[in-house]
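Presented below is the structure to which this report refers.
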Amino acid sequence: MSDLRELYQEVILDHNKSPRNFRKLEGANRMAEGYNPLCGDHVTVYLHLEGDVIKDISFQGTGCAIAKASASIMTWHLKGKTKGEALLLFERFHQLVTGNRRTNLDPLEMEELDVFSGVSEFPVRVKCASLAWHALHAALEEREKPVSTL
Amino acid sequence: MTTATKASIPARVREREALAEVVVVSSTAPPPGLRKVPDHPFEVRKIRDDFPILQQRVHGKPLVYFDNAATTQKPQVVIDALWRYYTADNANIHRGVHLLSQRATQDYEDSRVKVQRFINAAHSHEVIFVRGATEGINLVAQSYGRKHVQADDEIILSTMEHHSNIVPWQMLCEEKGARLRIVPINDAGEILLEEYEKLLGPRTKLVSVVHVSNALGTVNPIRQIIEMAHRHNVPVLVDGAQAVPHLRVDVRDLDCDFYVFSGHKVYGPTGIGIVYGKADLLEAMPPYQGGGDMISSVTFEKTTYNTLPHKFEAGTPHIAGGIGLGVAIDYLNGVGLDRIAAHERELLAYATNALAGIPGLRIIGTAKEKAGVISFVLDDIHPHDIGQVLDNQGVAIRAGHHCAMPVMKRLGVPATARVSLALYNTEQEIDALVGGIQKVREVFQ
Chain S
4 MSDLRELYQE
14 VILDHNKSPR
24 NFRKLEGANR
34 MAEGYNPLCG
44 DHVTVYLHLE
54 GDVIKDISFQ
64 GTGCAIAKAS
74 ASIMTWHLKG
84 KTKGEALLLF
94 ERFHQLVTGN
104 RRTNLDPLEM
114 EELDVFSGVS
124 EFPVRVKCAS
134 LAWHALHAAL
144 EEREKPVSTL
Chain X
9 MTTATKASIP
19 ARVREREALA
29 EVVVVSSTAP
39 PPGLRKVPDH
49 PFEVRKIRDD
59 FPILQQRVHG
69 KPLVYFDNAA
79 TTQKPQVVID
89 ALWRYYTADN
99 ANIHRGVHLL
109 SQRATQDYED
119 SRVKVQRFIN
129 AAHSHEVIFV
139 RGATEGINLV
149 AQSYGRKHVQ
159 ADDEIILSTM
169 EHHSNIVPWQ
179 MLCEEKGARL
189 RIVPINDAGE
199 ILLEEYEKLL
209 GPRTKLVSVV
219 HVSNALGTVN
229 PIRQIIEMAH
239 RHNVPVLVDG
249 AQAVPHLRVD
259 VRDLDCDFYV
269 FSGHKVYGPT
279 GIGIVYGKAD
289 LLEAMPPYQG
299 GGDMISSVTF
309 EKTTYNTLPH
319 KFEAGTPHIA
329 GGIGLGVAID
339 YLNGVGLDRI
349 AAHERELLAY
359 ATNALAGIPG
369 LRIIGTAKEK
379 AGVISFVLDD
389 IHPHDIGQVL
399 DNQGVAIRAG
409 HHCAMPVMKR
419 LGVPATARVS
429 LALYNTEQEI
439 DALVGGIQKV
449 REVFQ
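If you read the protein sequences in the order shown, they are chains S and X. Numbered per my numbering, the first sequence spans residues 4 to 153. Numbered per my numbering, the second sequence spans residues 9 to 453.
Laid out in structure tokens, this is it:
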């Protein structure tokens, strides 16, 4: 059971059960969809950007515990961050879940996201964890086509 | 609880009976119509000994393999056949005068005859080797379909098709300006025959339908579906990928025009599959691919195509795979197809009963006629998470849309967890699954 607990940490289970910011965002000025054709998981990320700052962020969709918790924690973590900070975190999160940390992480900055470090032991779940982040990235970059994790 | 428990008793009684001889696999199949009925009891523990992969532990637990609809495990005799072919007989076929080539050709063509007998085709040249069921459907779509389907024509499929029996027809329709018509299903996952009847008409050029659904386990009333199509002079392709491992298939009895299946889902190697087609249809069809082996003579001005079945087998085929499939069929005949079906029926009833008793678990696909597959959802726990926790318990299942997204949409679920059975599965393994599901609920309570 130990390696399972690495994957399904309490924080993840909690966010899966009661996802934060799980709603359509009224007044959003950016949005993007993420889709995992492998399993049919689907997430829409809504942003309210004021200048460079993420004033509000939310998501909706269906997915596994990892996908849902990742989206929830992402929205929770990014509120108030700038676009530049969010893009940097996108990179670092990707490194974290693929077990490929190339840069020195600011421990404080990544603390809340670190619960996903166990994902790197489960390669097929990397796409679950990064689905919402890819949608976020697309929303920030104003890409219109839904992003796919494949 | 009662019916399945009662049904399971004979299996347990039989298990205690004295062991008979290990299944003897003969290198030559019995003559047609004289399929030998094995006289030893069906002994699942003995069967399991034939499958070396099942002896392992995963995550410290005995492997419980319930992903048989994706691919089945291989008995030692099939593994040995591949080894023996590459060790002793490897040569190209149909052209060498040397001994190895003769041996390889002989074994490969013997396998074709084994397949012919296995599905009771009238002729061995009605059996075409391809890579798998997917390529088989593509062959019929590209050869028969492109010749016979024109603008505004219609091809009928069912809601429960695998993507491999949707996309090749979509591609054809796009090219020709033809249309797909889809037979609806009820909430149990059964084809609505009266709706199907309404779809059949002068524009219908082909019906292509799955025999056993890979996502739900529904056994379709295929004979009736064929009969109804034939009344309109419409030929029928049957996707038998999930049927052949579980049911005795007789293409002449069904009177299907095409039947496709994959070797690896019936205990044979990957990369080999079968298209059965009625000889007159195949004769009239243009080749699927061009190349060596499918020709009689070639000049730059004109090529004369080879006769059946070679016309449809361009290039060097998967010789070892074809031979391995033949050995897998020998193995199944040795165990006894009807006894395999009976064992799996008991297991399916036991599993259905056991799973239905779990609070919050809902079985998706409750057709009256089912084989080999139980799809389910559990509370609001995502099937991937179910699959992940079960894997940790040593239980391998499939989670997702099973390459059948339209039927998932129809039944209102984005994904399911799927347990699919094979001849080597046991009631103890079902019990391990049930225990694993309790663990899933503990993690996600």
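Built from N, CA and C at the ideal position, the CB exists for glycine as well. Because the structure is a prediction, the values reported are computed rather than measured.
Exercise. Just reading off the beta strand (DSSP E) that residue 105 of chain X is part of, what are its end residues?
Worked result: Premise fails: residue 105 of chain X is in no beta strand (DSSP E) and is neither H nor E.
Exercise. Does the beta-carbon distance from residue 322 of chain X to residue 294 of chain X come in below 9 Å?
Worked result: No; because the gap between Cβ atoms is not below 9 Å, this pair is not in contact.
Problem set entry | CB contact below 9 Å: residue 178 of chain X versus chain S | No, no contact with chain S.
Exercise. In chain order, what residues of the same chain lie with their CB nearer than 8 Å to the CB of residue 364 of chain X, ignoring the 5 residues before and after it?
Worked result: So the list reads 371, once near-sequence residues are dropped.
Problem set entry | Complete alpha helix (DSSP H) runs within the region 374-429 of chain X (minimum length 4 residues, chain order) | Segments of the alpha helix (DSSP H) lying fully in the region 374-429 of chain X: 391-400, 413-418.
For this session: Mind checking who residue 370 of chain X pairs with in its DSSP beta bridge?
Result: Note: residue 370 of chain X sits in a beta bridge opposite X:385.
For this session: Output, in sequence order along the chain, the residues in the region 77-105 of chain S whose CB is closer than 7 Å to any CB in chain X.
Result: So nothing in the stretch comes that close.
For this session: Using a Cβ-Cβ cut-off of 9 Å, state whether residue 71 of chain S counts as contacting chain X.
Result: With 9 Å as the cut-off, residue 71 of chain S counts as an interface residue toward chain X.
Exercise. To the nearest whole angstrom, what separates the beta carbons of residue 254 of chain X and residue 220 of chain X, a pair I think is in contact under 8 Å?
Worked result: Residue 254 of chain X to residue 220 of chain X, Cβ: 6 Å. Contact.
For this session: May I ask you to verify whether the region 304-318 of chain X touches the region 108-116 of chain X, counting CB pairs closer than 8 Å and requiring at least 3?
Result: Here the region 304-318 of chain X does not lie against the region 108-116 of chain X, with fewer than 3 beta-carbon pairs under 8 Å apart.
Problem set entry | Within-9 Å CB hit, residue 120 of chain S to chain X | Residue 120 of chain S does not count as touching chain X.
For this session: Determine the closest residue to residue 393 of chain X out of S:21, S:36, S:42, S:95, with distance taken between C-alpha atoms.
Result: Put simply, of S:21, S:36, S:42, S:95 the residue whose alpha carbon is nearest the alpha carbon of residue 393 of chain X is S:42.
Exercise. Using the rule of at least 16 other Cβ atoms within 10 Å of the residue's Cβ for burial, across every protein chain shown, is residue 64 of chain X buried or exposed?
Worked result: Burial call: exposed.
Problem set entry | Under the three-state DSSP convention, the category residue 233 of chain X falls into | Helix, per DSSP.
Problem set entry | Cutoff 7 Å; reference residue 170 of chain S; Cβ partners in own chain excluding five residues on either side | Chain S is shown from 4 up to 153; residue 170 of chain S falls before or after that span and cannot be answered.
For this session: Could you list the residues in the region 149-181 of chain X with a C-beta less than 8 Å from some C-beta on chain S, going in chain order?
Result: Sequence-ordered contacts of the region 149-181 of chain X with chain S are nonexistent [C-beta pairs closer than 8 Å].
Exercise. By the 10 Å Cβ neighbour count, where 16 or more other Cβ atoms means buried, how is residue 158 of chain X classified, buried or exposed?
Worked result: By the 10 Å Cβ count, residue 158 of chain X comes out exposed.
Exercise. Which stretch, first to last residue, makes up the alpha helix (DSSP H) that contains residue 352 of chain X?
Worked result: Note, residue 352 of chain X: alpha helix (DSSP H), 345-364.
For this session: Report the option in S:141, S:38, S:20 whose CA atom is closest to the CA atom of residue 89 of chain S.
Result: Per the Cα distances, S:141.
Exercise. Are residue 127 of chain X and residue 138 of chain X touching if we call contact CB-CB under 9 Å?
Worked result: Result no, Cβ atoms of residue 127 of chain X and residue 138 of chain X do not sit closer than 9 Å.
Exercise. Name the chain S residues whose beta carbon is nearer than 8 Å to that of residue 451 of chain X?
Worked result: Contact note: residue 451 of chain X reaches chain S through 7, 11, 16, using a C-beta cutoff of 8 Å and chain order.
For this session: In angstroms with no decimal places, state the Cα-to-Cα distance between residue 16 of chain S and residue 67 of chain S.
Result: Cα to Cα, the separation comes out at about 11 Å.
Exercise. If you draw a straight line from the alpha carbon of residue 202 of chain X to that of residue 427 of chain X, how long is it in whole angstroms?
Worked result: Residue 202 of chain X and residue 427 of chain X: Cα-Cα distance of roughly 31 Å.
For this session: For residue 397 of chain X, go through chain S and note every residue whose CB falls closer than 7 Å to its CB, in chain order.
Result: In chain order: 7.
For this session: Work out the CA separation of residue 72 of chain X and residue 108 of chain X for me, nearest whole Å.
Result: Distance between the alpha carbons of residue 108 of chain X and residue 72 of chain X: 40 Å.
For this session: To the nearest angstrom, report how far apart residue 93 of chain X and residue 332 of chain X are at their CA atoms.
Result: C-alpha separation (whole angstroms): 9 Å.
Exercise. Can you tell me whether DSSP reads residue 285 of chain X as helix, strand or coil?
Worked result: Three-state result, residue 285 of chain X: strand.
For this session: Could you name the residues of the same chain whose beta carbon sits closer than 7 Å to that of residue 286 of chain X, not counting the 5 residues immediately before and after it, in chain order?
Result: Closer than 7 Å at the Cβ level, and outside the excluded window around residue 286 of chain X, lie 134, 265.
Problem set entry | Below-9 Å beta-carbon distance, residue 400 of chain X vs any chain S residue | With 9 Å as the cut-off, residue 400 of chain X counts as an interface residue toward chain S.
For this session: With a floor of 4 residues, list each alpha helix (DSSP H) that falls wholly inside the region 56-99 of chain S, ordered by position along the chain.
Result: The region 56-99 of chain S contains these whole alpha helix (DSSP H) runs: 68-81.
For this session: Could you check what DSSP says for residue 50 of chain X in three-state terms: helix, strand or coil?
Result: Coil at residue 50 of chain X, not helix or strand.
Exercise. For residue 80 of chain X, does the three-state DSSP call read helix, strand or coil?
Worked result: DSSP places residue 80 of chain X in coil when its eight states are reduced to three.
Exercise. Looking at the structure shown, is residue 2 of chain S part of a helix, part of a strand, or coil, going by DSSP?
Worked result: This structure gives no information on residue 2 of chain S, because the portion of chain S shown stretches from 4 to 153.
Exercise. So which of X:273, X:367, X:179, X:442 has the shortest CA-CA distance to residue 222 of chain X?
Worked result: Residue X:273 is the option with its Cα nearest to residue 222 of chain X.
Problem set entry | Segment limits, alpha helix (DSSP H) that includes residue 454 of chain X | Here chain X has residues from 9 to 453 only, and residue 454 of chain X is not among them.
For this session: Inspect the beta-carbon positions of residue 242 of chain X and residue 213 of chain X and report whether they are closer than 9 Å.
Result: Yes, these two residues count as a Cβ contact at 9 Å.
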